[in-house]
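Enquirer: Here it is, the structure, as structure tokens.
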Amino acid sequence: TQLLEQSPQFLSIQEGENLTVYCNSSSVFSSLQWYRQEPGEGPVLLVTVVTGGEVKKLKRLTFQFGDARKDSSLHITAAQPGDTGLYLCAGPNSGGSNYKLTFGKGTLLTVNP
Amino acid sequence: NAGVTQTPKFRVLKTGQSMTLLCAQDMNHEYMYWYRQDPGMGLRLIHYSVGEGTTAKGEVPDGYNVSRLKKQNFLLGLESAAPSQTSVYFCASGEGYEQYFGPGTRLTVT
Numbered sequence: 734t735q736l737l738e739q740s741p742q743f744l745s746i747q748e749g750e751n752l753t754v755y756c757n758s759s760s761v762f763s764s765l766q767w768y769r770q771e772p773g774e775g776p777v778l779l780v781t782v783v784t785g786g787e788v789k790k791l792k793r794l795t796f797q798f799g800d801a802r803k804d805s806s807l808h809i810t811a812a813q814p815g816d817t818g819l820y821l822c823a824g825p826n827s828g829g830s831n832y833k834l835t836f837g838k839g840t841l842l843t844v845n846p
Numbered sequence: 683n684a685g686v687t688q689t690p691k692f693r694v695l696k697t698g699q700s701m702t703l704l705c706a707q708d709m710n711h712e713y714m715y716w717y718r719q720d721p722g723m724g725l726r727l728i729h730y731s732v733g734e735g736t737t738a739k740g741e742v743p744d745g746y747n748v749s750r751l752k753k754q755n756f757l758l759g760l761e762s763a764a765p766s767q768t769s770v771y772f773c774a775s776g777e778g779y780e781q782y783f784g785p786g787t788r789l790t791v792t
């Protein structure tokens with residue numbers, strides 16, 4: 734069974750601070766995705782990283798896929814209250830059939846004004 | 683373009699009652715999924731479908747049934763609700779590994 738471990742589980746910071754959250758596995762993934770889930774809503778896909786070492790930027794969010802494709806990180810610069818939410822990483826199940834995903838348990842981020 | 687919609691948004695059931703959750707998508711996706719989300723447990727796959735008329739079991743299928751009679755709809759049924767089924771239920775659809783989620787149904791079983 735492929736597991737995705739996310740850390741930290743909870744993070745509370747002040748507006749304007751930078752932060753990094755992590756997604757780690759002992760298994761190799763062909764790709765990893767990051768989702769953000771706001772309170773009372775469903776997860777929304779932010780980005781998919783596919784190539785080992787890949788870096789993708791989405792405004793103040795920077796996503797990196799590890800060289801060995803076993804881990805990923807999300808860095809937020811100058812966090813804003815609107816960044817508050819649950820950040821989930823997900824990767825394709827091994828066997829590659831039926832497009833099923835394994836999800837991490839998430840990092841709950843609170844950005845205080 | 684509404685994306686993925688779910689009805690109802692909230693529901694309270696008594697133990698032993700039955701209900702059906704409806705998911706609809708307007709993106710013509712082949713794949714649809716039902717998840718439950720519980721504190722500390724993350725998102726767990728209940729059932730999924732790879733196309734109209736097909737269904738398959740996910741990680742936690744016991745106590746649930748599904749049907750996909752039309753490509754755009756995926757129904758999740760609870761025949762005899764139990765308190766352990768208190769959860770938030772999400773439907774998703776997709777092509778490939780990118781999934782698009784509905785807003786969720788918060789179900790409480792007393």
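As you go down the protein sequences, you meet chains A and B in turn. According to our numbering, the residues represented by the first sequence are 734 to 846, in order. According to our numbering, the residues represented by the second sequence are 683 to 792, in order. Cβ coordinates follow ideal geometry from the N, Cα and C atoms, glycine included. All figures in this text were calculated on a predicted structure; none of them were measured in a lab.
(1) Taking 8 Å as the cut-off, does the segment 692-706 of chain B touch the segment 795-809 of chain A (at least 3 CB pairs, one atom from each stretch)?
(2) In its own chain, which residues sit with a C-beta less than 8 Å from the C-beta of P743 (chain B), not counting the 5 before and 5 after it?
(3) Scan the segment 758-772 of chain B for residues whose Cβ lies nearer than 8 Å to a Cβ of chain A and list them as they occur along the chain.
(4) Excluding five sequence neighbours on each side, which residues of the same chain lie with their C-beta closer than 8 Å to the C-beta of Q735 (chain A)?
(5) Name, please, each residue of chain B whose Cβ falls closer than 7 Å to the Cβ of F836 (chain A).
(6) Against G776 (chain B), what residues of chain A qualify as contacts under a CB-to-CB distance less than 7 Å, listed in chain order?
(7) DSSP on D816 (chain A), reduced to helix/strand/coil?
(8) Taking Cβ to Cβ, would you say Q719 (chain B) is nearer than 9 Å to A706 (chain B)?
(9) How far does the beta strand (DSSP E) with T702 (chain B) in it extend, from its first residue to its last?
(10) Along the segment 765-778 of chain A, what residues have a CB closer than 9 Å to any CB found in chain B?
(11) By Cβ distance, which residues of its chain are closer than 6 Å to E750 (chain A), with the 5 residues on each side in sequence left out?
(12) Q754 (chain B) by DSSP, collapsed to three states: which one?
(13) What's the C-alpha gap between P785 (chain B) and G745 (chain B)?
(14) Which residue marks the beginning of the beta strand (DSSP E) containing Y768 (chain A), and which one marks its end?
(15) How many whole angstroms separate the CB atoms of Y771 (chain B) and W716 (chain B), which I take to be in contact at a CB cut-off of 8 Å?
(16) List the residues of chain B whose Cβ lies closer than 7 Å to the Cβ of G839 (chain A), in chain order.
(17) Within this structure, are the beta carbons of Q766 (chain A) and T781 (chain A) separated by less than 9 Å?
(18) For K790 (chain A), which residues from the same chain have a beta carbon less than 8 Å from its beta carbon, with the 5 sequence-adjacent residues on both sides left out?
(19) Give a yes or no on whether the minimum CB-CB distance between V686 (chain B) and chain A is below 9 Å.
(20) Helix or strand or just coil, what does DSSP make of Q767 (chain B)?
(21) Are any of the Cβ atoms in chain A nearer than 9 Å to that of Q754 (chain B)?
Expert: Reading off the structure:
(1) Touching, no.
(2) I728, H729
(3) F772
(4) S758, S760, F762, G824, N826, S827, T835
(5) Using a Cβ-Cβ cut-off of 7 Å, F836 (chain A) is close to G724, L725 of chain B, given in chain order.
(6) For G776 (chain B), the chain A residues whose Cβ falls inside 7 Å of its Cβ are Y832, in order along the chain.
(7) Here D816 (chain A) sits in helix by DSSP.
(8) No, they are not a contact pair.
(9) 701-707
(10) Q766, Y768, Q770, G773, E774, G775, P776, V777, L778
(11) A812
(12) coil
(13) In a straight line, the C-alpha of P785 (chain B) is about 22 Å away from that of G745 (chain B).
(14) 765-770
(15) Rounded, the Cβ-Cβ distance is 7 Å, consistent with contact.
(16) G724
(17) yes
(18) Within the same chain, K790 (chain A) has close Cβ partners F796.
(19) yes
(20) helix
(21) no
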